[in-house]
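Residue numbers (UniProt numbering): 1 to 109. Don't be surprised by glycine CBs; every beta carbon is placed ideally from N, CA and C. It should be emphasised that the depicted structure is a prediction, and the values quoted were computed from it without experimental measurement.
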């Protein structure tokens with residue numbers, strides 16, 4: 001077994017939740033999302049983030065607005081829709097159940 005592959009799969013499983021968590025805190029520009037993920041030691045590449053943001057937008061969980069930039073092209077800022085808020089609450093409940101179950105199973109008694 002390759003530990004790198006297993007670690008990668010574990011990270012992929014929580015990316016959506018983490019990205020939505022960041023956007024839930026307030027409107028976010030993709031590079032800000034990448035920076036916050038790096039700060040949390042969950043590195044994500046633009047090539048992974050942008051398709052995920054597009055998928056979440058197409059599912060009507062996110063919306064965006066364009067903001068003119070003084071130093072280049074306009075920037076796309078993402079925010080959560082009402083549908084996204086509901087989805088996030090369900091995802092958060094699922095995460096809490098899963099985290100509690102894993103903690104229970106891996107705790108040393």
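{"Asked": "Would you mind sorting residue 78 into buried or exposed? The rule is 16 or more other CB atoms within 10 Å of its CB.", "Found": "buried"}
{"Asked": "Counting only runs of 4+ residues fully inside the segment 13 to 97, write out the alpha helix (DSSP H) ranges in chain order.", "Found": "30 to 39, 46 to 58"}
{"Asked": "May I have the straight-line CA-CA distance separating residue 24 from residue 41, to the nearest angstrom?", "Found": "19 Å"}
{"Asked": "Kindly indicate which three-state DSSP category residue 108 falls into: helix, strand or coil?", "Found": "coil"}
{"Asked": "Assign residue 100 to one of three DSSP states: helix, strand, or coil.", "Found": "helix"}
{"Asked": "Decide if residue 84 is buried, meaning its Cβ has at least 16 other Cβ atoms within 10 Å, or exposed.", "Found": "buried"}
{"Asked": "Check whether the segment 58 to 73 and the segment 31 to 45 are in contact - that is, three or more C-beta pairs closer than 8 Å.", "Found": "no"}
{"Asked": "For residue 19, count neighbouring C-beta atoms within 10 Å of its own C-beta (all shown protein chains included) and say buried if the count is 16 or more, exposed if not.", "Found": "buried"}
{"Asked": "Within 10 angstroms of its Cβ, does residue 59 collect 16 or more other Cβ (buried), or is it exposed?", "Found": "exposed"}
{"Asked": "Give the single residue among 67, 97, 95, 63 whose Cα lies nearest to the Cα of residue 81.", "Found": "63"}
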